[in-house]
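Student:
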Amino acid sequence: MKKNFYILRNGKLIRKGNTIYFIYEKSEEKVFSAEIDGEEMEVETEDISDKQEYEKRVLPIEQISSLFIYGRVSLTSGVISFLSKNNIPVHFFGYYGNYESTLMPKEMLLSGEMHIKQAMHYISQDKRVFIAKRFVEGSAQNILRNLEYYQREGKDLQEEISYITNASFSIENCKDVSQLLALEGAIRSKYYSSFNKILKSFEFDERTRQPPENPLNAMISFGNSLLYATVIKQIYHTQLDQTISFLHEPSERRFSLALDISEIFKPLLVDRIIFKLVNKDIIGEDHFVKELNSCLLNNKGKEIFLREYDEKLQTTIKHRDLGRNVSYERLIYLECLKLCKHFLGIKDYKPFVIWW
Amino acid sequence: MLLSQALFTGTQVNYYIVCPTKLWLFTHQLSMEASSEYVEIGKFIHEKSYSRERKDVIIDEKIGIDFIRDGDKLIICEIKKSKRIEKAHRYQLYYYLYYLRKIKGIENVEGRILYPTQREIEVIEFNEEISREIEKIMEEIRKIISLDEPPKPSRKSYCKKCAYFEFCWV
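Here the protein sequences line up with chains H and L, keeping their order. So for the first sequence, our numbering puts the first residue at -16; every next one is plus one. So for the second sequence, our numbering puts the first residue at 81; every next one is plus one.
What follows is the structure, given as structure tokens:
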């Protein structure tokens, strides 16, 4: 099984023959700071790889499925070409943990037929709304699964559950995408307001982004960006077009289909991590850096979150239709396949809903 | 239409024997091979075995033969991982032999399927009966791939290891 690799430190990736090393300064834990984001780090021209004050770590290329880079890391063209030969995408994140970019290997699965059919489902208002509804439905159902869990655990969430259940009944009555987006927004904000009842510590207040203003918002943003990158990678393994989306507007982001699909998986992959980290006291106030008007996970906090996220992705569950164990990450890929089948007219798309 | 454009690849003949759904999807550029562990193992075996041979000989931009040995007669070799879908392997080779004989006019040619992990070799011979069979198969392939939708899959014992398994059954 190949794994995702996460780099939090600053440093550089170099290639020697068919091995890739990550080199970073031993002495102090230098992390990516806002200043570095403004002006680029100085360029090292000499070979520092064997110097004492630097640590060198081998990246086991055969075991990597993708790289997530949170530090400031420089790469040479040799590294890029080797990663590309081994089909490893590299995701870059900014200082705020926001998704910045992905370096994709050249191997692209293209199918003119799929492209046209996907676009036809966007152009036809009815067809587009059908798919958009499924995304909202999947998202609402999975949110309800989370709330029902905490209801059983003894939290009083009846009001939120009835509200979201009713809202999900009215999905079918929505006439267009803007109504659906409004409904989805209402469901999410009701859901977020329940966080204060579910969580032992941290106040939710309200959703703030770019930058997040408190620890909860910091974790939500961090997790959502991470999920976004994961979905992009899974879409990349299919013939789907990343830019044609249904619930969100295709112009919203470069890879807006990933925004659509992310909605379905946020409750399973992001929200549950936050509940666990907070309620089990794994994450606390000292894992955040507070600045004038922002609050971000510090390096230790990121590490905790990433470890938990990665474990989640690799968790497996017995799939009822396939009769085999699939990882949570693979569930995202399966979701893409279901969309392919919908576009080809083989089987109507039904969103993933947590069934366990 | 040029003859070479009217013809198929060896993979298509192989997939026809294995499963018409797989043939349709593959032909319509909906390949799933990129995310399959088994395919990756197959590729690895292909790369690491018979490393002294000049690999992947492409003929007419259509037929890709793993490697060819030239002696008293021409021997075309195909490397495979396991004998699980032997019949499909055999017809892939029959098709190459058909192509070389009937279209390129090379008479003195024989096929071999190599199973390096099992240390086995199967010799494939050609005759007129097989030639007629291949022609019939080509007609069938033409029919299947011109369908608007992929044929409904049917469950087979080897579905589980197929790169298209999840696509068919999810």
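Virtual Cβ for every residue (Gly too), placed ideally from N, Cα, C.
When you check each C-beta in the segment 128 to 153 of chain H against every C-beta of chain L, which residues fall closer than 7 Å?
Tutor: Those would be none; no residue qualifies.
Student: What are the partner residues of residue 56 (chain H), as DSSP defines its beta bridges?
Tutor: Residue 56 (chain H) pairs with H:-6.
Student: Mind checking residue 299 (chain H): buried by the 16 CB within 10 Å criterion, or exposed?
Tutor: It is exposed - the Cβ of residue 299 (chain H) has fewer than 16 other Cβ atoms within 10 Å.
Student: When you compare each of L:136, L:157, L:175, L:168 to residue 89 (chain L) by their alpha carbons, which one comes out closest?
Tutor: That would be L:175, whose Cα lies nearest to the Cα of residue 89 (chain L).
Student: In the DSSP output, which residue or residues are listed as bridge partners for residue 41 (chain H)?
Tutor: Answer by DSSP bridge pairing, in chain order: H:4.
Student: Which whole-angstrom value is the C-beta distance of residue 93 (chain H) and residue 297 (chain H), which I expect to be below 8 Å?
Tutor: Rounded, the Cβ-Cβ distance is 29 Å, inconsistent with contact.
Student: Go ahead and pull the three-state DSSP assignment for residue 189 (chain L).
Tutor: Strand, per DSSP.
Student: Under 7 Å between beta-carbons, which chain H residues line up against residue 246 (chain L)? List them in chain order, please.
Tutor: Near residue 246 (chain L) (Cβ distances below 7 Å), the residues of chain H are 305, 317, 320.
Student: Under a CB-based cut-off of 8 Å, is residue 227 (chain L) close to chain H?
Tutor: False, the Cβ-Cβ gap to chain H never drops below 8 Å.
Student: Among L:158, L:91, L:96, which one has its Cα closest to the Cα of residue 135 (chain L)?
Tutor: The candidate whose alpha carbon is nearest that of residue 135 (chain L) is L:158.
Student: List, in chain order, every chain H residue whose beta-carbon is nearer than 9 Å to that of residue 109 (chain L).
Tutor: Residues of chain H passing the Cβ test: 92, 93, 94, 95, 96, 97, 222.
Student: Can you tell me whether residue 81 (chain L) is helix, strand or coil according to DSSP?
Tutor: The predicted model places residue 81 (chain L) with a pLDDT of 39, which falls under 50 and marks its position as unreliable; any figure quoted below should be read in that light. DSSP places residue 81 (chain L) in coil when its eight states are reduced to three.
Student: Does DSSP put residue 104 (chain H) in a helix, a strand or coil?
Tutor: In this structure, residue 104 (chain H) counts as helix in the three-state DSSP scheme.
Student: With DSSP as the reference, please indicate the residues paired to residue 278 (chain H) in a beta bridge.
Tutor: Residue 278 (chain H) is bridged to H:273.
Student: With H, G and I counted as helix, E and B as strand and the rest as coil, what does DSSP make of residue 205 (chain H)?
Tutor: Helix, per DSSP.
Student: Go to residue 154 (chain L), then tell me how far its beta strand (DSSP E) extends in each direction, as first and last residue.
Tutor: First-last of the beta strand (DSSP E) with residue 154 (chain L): 154 to 159.
Student: So residue 249 (chain L) contacts chain H; which residues on that side make the cut at Cβ distance below 7 Å?
Tutor: Simply 304, 305.
Student: Beta carbon of residue 305 (chain H), beta carbon of residue 288 (chain H): below 8 Å?
Tutor: In this structure, residue 288 (chain H) does not lie closer than 8 Å to residue 305 (chain H) by Cβ.
Student: Taking DSSP as the reference, what is the three-state secondary structure of residue 129 (chain L)?
Tutor: Three-state DSSP puts residue 129 (chain L) in coil, outside helix and strand.
Student: Along the segment 106 to 137 of chain L, what residues have a CB closer than 7 Å to any CB found in chain H?
Tutor: From the segment 106 to 137 of chain L, only 108, 109, 110, 111, 114, 115 have a Cβ closer than 7 Å to chain H.
Student: By the 10 Å Cβ neighbour count, where 16 or more other Cβ atoms means buried, how is residue 95 (chain H) classified, buried or exposed?
Tutor: Result: exposed.
Student: Count the other CB atoms, across all protein chains shown, that sit within 10 Å of the CB of residue 165 (chain H); report buried if there are 16 or more and exposed otherwise.
Tutor: It counts as exposed.
Student: Tell me the DSSP bridge mates of residue 149 (chain L)?
Tutor: Its beta-bridge partners are L:155.
Student: Using a Cβ-Cβ cutoff of less than 6 Å, which residues in the same chain neighbour residue 52 (chain H) once the five nearest sequence positions on both sides are dropped?
Tutor: Answer for residue 52 (chain H): -10, 75, listed in chain order.
Student: Taking the alpha-carbon of residue 96 (chain L) as reference, which of L:190, L:169, L:147 has the nearest alpha-carbon?
Tutor: When only C-alpha atoms are compared, the closest one is L:169.
Student: Report the partner residues of residue 80 (chain H) according to the DSSP bridge assignment.
Tutor: Residue 80 (chain H) pairs with nothing; no bridge assigned.
Student: Using a Cβ-Cβ cutoff of 8 Å, what residues of the segment 208 to 237 of chain L are near chain H? List them in chain order.
Tutor: Cβ contacts with chain H: 229, 230.
Student: May I ask you to report which of helix, strand or coil DSSP gives residue 148 (chain H)?
Tutor: Residue 148 (chain H) falls in the helix class under three-state DSSP.
Student: State the DSSP-derived secondary structure class of residue -13 (chain H), mapped to helix, strand or coil.
Tutor: Reduced to three states, the DSSP call for residue -13 (chain H) is strand.
Student: Can you tell me whether residue 244 (chain L) is helix, strand or coil according to DSSP?
Tutor: Coil at residue 244 (chain L), not helix or strand.
Student: Rank H:148, H:122, H:258, H:136 by C-alpha distance to the C-alpha of residue 178 (chain H) and give the top, closest one.
Tutor: Among H:148, H:122, H:258, H:136, the Cα nearest to that of residue 178 (chain H) belongs to H:258.
Student: Check the Cβ-Cβ distances between residue 85 (chain L) and every residue of chain H, and say whether any is below 8 Å.
Tutor: Its pLDDT being 48, under 50, residue 85 (chain L) is placed unreliably in this model, and the coordinates cannot settle the point.
Student: Given that a residue counts as buried once 16 or more other Cβ atoms are within 10 Å of its Cβ, and exposed if not, what is residue 108 (chain H)?
Tutor: That one is exposed.
Student: Beta-carbon separation of residue 232 (chain L) and residue 189 (chain L) under 8 Å?
Tutor: Against a cut-off of 8 Å, the Cβ pair of residue 189 (chain L) and residue 232 (chain L) comes out as no contact.
Student: Please tell me whether residue 327 (chain H) has its Cβ less than 8 Å away from any Cβ of chain L.
Tutor: Yes - at least one Cβ of chain L is within 8 Å of the one on residue 327 (chain H).
Student: For a test of the three-state rule: what should DSSP assign to residue 93 (chain L), helix, strand or coil?
Tutor: It is helical.
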